[in-house]
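See below for the structure under consideration.
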Amino acid sequence: MGAKKLETSAIKSENLRKEPLKLDLEIPENAIEYAPDIRQAGPLHVSGQAELIEEHGGPGGVIEDIRLRAKFGGRFELLCARCLEPSERDLKGEFDLIFRPSSADVRTGEHAISEAETEIGYYEESGLVLEDVVREQVLLSLPDRLLCKPDCKGLCPQCGQNLNETSCHCDNTRTDPRWNALKDLAESIGQPKE
């Protein structure tokens, strides 16, 4: 059986009570808006499982957490950190997340949370929106600094010319004027200039 097309819907705890939900989705381009400088350049495949985890919440009854384990992979167009030209890259990742109904944690005022609670996300009564989780996980999987190629020359700091395409004739030997006082001091004591 092939991957299903993504239909905007929420994963609801009541739909997981009988059995876990198997995920095998293909998210088309432009279905999720990531960021202005990030574009999905092909289908994004998401596969995994959503299951219900019942936790006894004391006098409040049972808390129905949703555990979402999945992996994703797809091609994205990102901007090079040096020359700002678009560059396509394959991104993939895996995640194992737990989400709790927001209504289950209605403590008022300031309170301390346990270390385990820092790992829990929350979902609204309408359900866990898969697109939001996928968007977050894709953004977290992005490289810190993407280069279109390892030897990218970037942009000229003077005129903005892409130095990968052509060279410019700008004088890039300018120094920060704040160093002039040190240069003058070195000259006055007879040290050689660099």
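Start counting the sequence shown at -7; every next residue gets the next number (the numbering used here).
We treat Cβ as the ideally placed atom computed from N, Cα and C, and that holds for glycine.
Item	Value
Please report the straight-line C-alpha distance between residue 24 and residue 10, rounded to a whole angstrom.	30 Å
Tell me residue 154's beta-bridge partners as DSSP assigns them.	147
When the Cα atoms are used, what is the spatial distance from residue 170 to residue 66?	47 Å
Residue 148 to residue 155, Cα distance in whole Å?	6 Å
In this structure, how does DSSP classify residue 2 when only helix, strand and coil are distinguished?	strand
In angstroms with no decimal places, state the Cα-to-Cα distance between residue -4 and residue 129.	Here residue -4 scores only 49 on pLDDT, less than 50, and its place in the model should not be relied on; the value that follows carries that caveat. For residue -4 and residue 129, the distance between alpha carbons rounds to 20 Å.
Restricting to runs no shorter than 3 residues, where is the beta strand (DSSP E) found entirely within the region 18 to 64?	30 to 32, 36 to 48
Rounded to whole angstroms, what is the Cα-Cα separation between residue 107 and residue 91?	15 Å
Is it the case that the Cβ atoms of residue 80 and residue 71 are separated by a distance below 9 Å?	no
Anyone know if the C-beta pair for residue 111 and residue 94 falls short of 9 Å?	no
State yes or no: is the C-beta of residue 188 within less than 9 Å of the C-beta of residue 120?	The requested residue 188 does not occur in the structure, where the chain is confined to residues -7 to 186.
Is the separation between the beta-carbon of residue 139 and that of residue 73 shorter than 9 Å?	yes
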